[in-house]
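J.: In UniProt numbering, the protein residues as written are 1 to 150.
No residue lacks a Cβ here, since even glycine has one placed at the ideal position from N, Cα and C.
(1) From residue 129 to residue 119, what does the alpha carbon distance come to, in whole angstroms?
(2) Do residue 18 and residue 25 come within 8 Å of each other at the CB atom, strictly closer than that value?
(3) Rank 116, 136, 67 and 107 by C-alpha distance to the C-alpha of residue 170 and give the top, closest one.
(4) Are the beta-carbon atoms belonging to residue 96 and residue 20 less than 8 Å from one another?
(5) Could you tell me whether the stretch 75-94 touches the stretch 35-43, using the rule of 3 or more Cβ pairs below 8 Å?
(6) Are three or more beta carbon pairs between the stretch 42-54 and the stretch 62-80 nearer than 8 Å?
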């Protein structure tokens with residue numbers, strides 16, 4: 001068995017681990033989010049006056065469109081974003097992988113190291129040179145450990 005799993009695009013195995021994989025969840029406010037990406041991008045804008053913009057992100061047709069909306073800088077990011085972004089991601093991952101189907105998929109990775117093989121992202125992924133922080137992979141392994149201890 002391989003010690004590592006690399007995931008990123010629809011053409012790779014383990015695409016279900018990606019934030020773009022269409023498997024939604026309901027948050028604590030009883031709102032349905034089509035993907036983790038939709039939720040994550042919308043949470044960048046916490047002020048009440050941007051509630052409609054967050055809703056536009058939630059209702060975006062694809063995770064790619066949600067990401068593009070979340071990357072705008074015409075609307076300021078919440079002031080604490082750099083402090084809370086990992087907690088926001090962890091919350092969404094816990095919601096997604098609490099579903100029995102997704103839990104089974106994550107637990108099938110067993111103890112293998114998980115890498116988001118994004119050539120573009122050196123924070124959440126490993127980047128083109130494989131020197132990135134891989135925070136998404138690390139958080140997925142944390143969720144997997146939590147689920148395996150239930």
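T.: A quick look at the data gives this:
(1) 8 Å
(2) no
(3) Residue numbering for the chain in the displayed model covers 1 to 150; residue 170 lies beyond these limits and cannot be assessed.
(4) no
(5) yes
(6) yes
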